[in-house]
Amino acid sequence: MAAVPGIVEDPNRSNNDDNQESIQPIHHAPIIGSSDSAAESTLASPSQVSIDGRWGEQTEGDPVSRHGAMEDFEEMRRDLSRLSLQKTRSQVSRRSVRPASRWRSATKTKTRDSEKGDEETEQDDFDLGEFLMGGILERRTTAGEPAKKVGVLYKNLTVMGVQASASFVKTLPEALIGTFGPDLYHIVQHFFPKIRFGKPPATRTLVNDFTGVVRDGEMMLVLGRPGAGCSTFLKTIANDRGSYAAVLGDVSYGGISAEEQHKHFRGEVNYNPEDDQHFATLTVWQTLKFSLMNKTKKSDRDSVPIILDALLRMFGISHTKNTQVGNEYVRGVSGGERKRVSIAETLASKSTVACWDNSTRGLDASTALDYAKSLRIMTDISRRTTFVTLYQAGEGIYELMDKVLVIDEGRMLFQGPANEAKQYF
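Quick look at the structure:
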């Protein structure tokens, strides 16, 4: 029997009907572990039903599925819980055992625990809260919710920039003269601002009097033409202000001022530029491992392989595990796969606020949609605050967003729920 569009099918149905299974809209699918996960399947309009695509490669790789990603994430949590149970039972003896031996022991324990039935599952659920609250993937409460929930509030935000001017390529004589002239002067005045003379450089307003709020677990889509101020807004939200003449107004992160955030909590806000900058000669596994090891306590690093495997499955890049990331000069993974590596790396960094600046540049419409779905996965799992600027936002991408900000020539035209923007205009 053909499936009705928009209806979530029973995951235990026969294999013969797999090809006819409808997929619940990504933005409305329940999160595993929440109270809504036990609710009955709901209807969705055909325009809201998103079909899992691939990152421009139909012959290899895994599809990006929010439902499948949630299952992978839940499986990782169970694996971590079993590892926690093993650590509790042999905490004293494990101090003298090498990490490799501990990993093999945890693997054997996982096999034994899987045969113990519902009684062991209850113990796993109990150990899970205690283990994750220790800061493995992210700190969580006893209810299973992320402990770090940081919203962003910006009020009367104004950014001033230096007036742009034309630049020329220096010839060798000009470079030699500049070394003992203007270049030397700029270096000295950087350390001694009082010796500056002449008129200050002309400035112009890049962002003019923005006010709004984005709560934890929400995604904001920032729309505007090139040069409208979208990148400037994201950099300011990410507390990257070094390239601007002045930043006026207030930006707070869960009640913490921008100055205090930059001084004490710099790693909680992450800015991802248009280009995916990675160490080209490292493999995908090494790249994610490096990011995760920097934010994991030494006593919990034996759980890193479990988390890495879950991240690779979650974003459908398991087949690129041993492939170099690459760049414009080093052959590596494809552009779409590199985007997903960036998303997984950001998730591994455990930042609470993520800003993505036109990361769909050069991607086709199907690939851009899968990218937005991956961001939705990351936001829902960790209750993060996500800002996204896109120059090509189709209807499928737009429906994944909670809020939208429309900018033109540095001024805010609209800021509010995404489903109210059309009526406003």
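Heads up, the sequence shown is in our numbering, so the first residue is 6 and it goes up one at a time. Every residue gets a Cβ at the ideal spot worked out from N, C-alpha and C, and that includes glycine.
What's the C-alpha gap between E80 and V252?
If you take the alpha carbons of E80 and V252, they lie about 45 Å apart.
Who does P422 pair with in a DSSP beta bridge?
As a beta-bridge residue in DSSP terms, P422 pairs with K408.
Are the Cβ atoms of A359 and F320 separated by less than 7 Å?
no
Any idea if F284 is buried or exposed, counting beta-carbon neighbours within 10 angstroms, 16 or more meaning buried?
exposed
Environment of L444 [buried if 16+ CB atoms lie within 10 Å]:
Limits of the chain in this structure are 6 at one end and 430 at the other, which puts residue 444 out of reach.
Starting from the Cα of T325, find the closest Cα among G156, R343, D77 and T384 and give me that residue.
R343
Between which residues of its own chain and G421 is the CB-CB distance below 6 Å, once the five residues before and five after are set aside?
none
What residue range is occupied by the uninterrupted alpha helix (DSSP H) comprising S387?
A370 to S387
Residue ranges of each beta strand (DSSP E) within the region 254-318, 3 or longer:
The qualifying runs are 274-277.
Under a Cβ-count criterion, where at least 16 other Cβ atoms within 10 Å of its own Cβ denotes burial, should V219 be classed as buried or exposed?
buried
Hey, is the region 394-401 in contact with the region 367-386, meaning 3+ C-beta pairs nearer than 8 Å?
yes
For F215, write down the residues that DSSP places opposite it in a beta bridge.
L162
If you draw a straight line from the alpha carbon of D385 to that of N363, how long is it in whole angstroms?
Their Cα atoms are separated by approximately 21 Å.
Tell me whether D188 sits in a helix, a strand or coil according to DSSP, three-state version.
Shown here, D188 sits in a helix according to DSSP, grouped into three states.
May I ask you to report which of helix, strand or coil DSSP gives L395?
coil
For V256, which residues of its own chain have a beta-carbon under 6 Å away from its beta-carbon, when the five flanking residues on both sides are left out?
Y159 and A263
Tell me which residue opens and which closes the beta strand (DSSP E) that A359 is part of.
For A359, the enclosing beta strand (DSSP E) stretches over residues V358 to D362.
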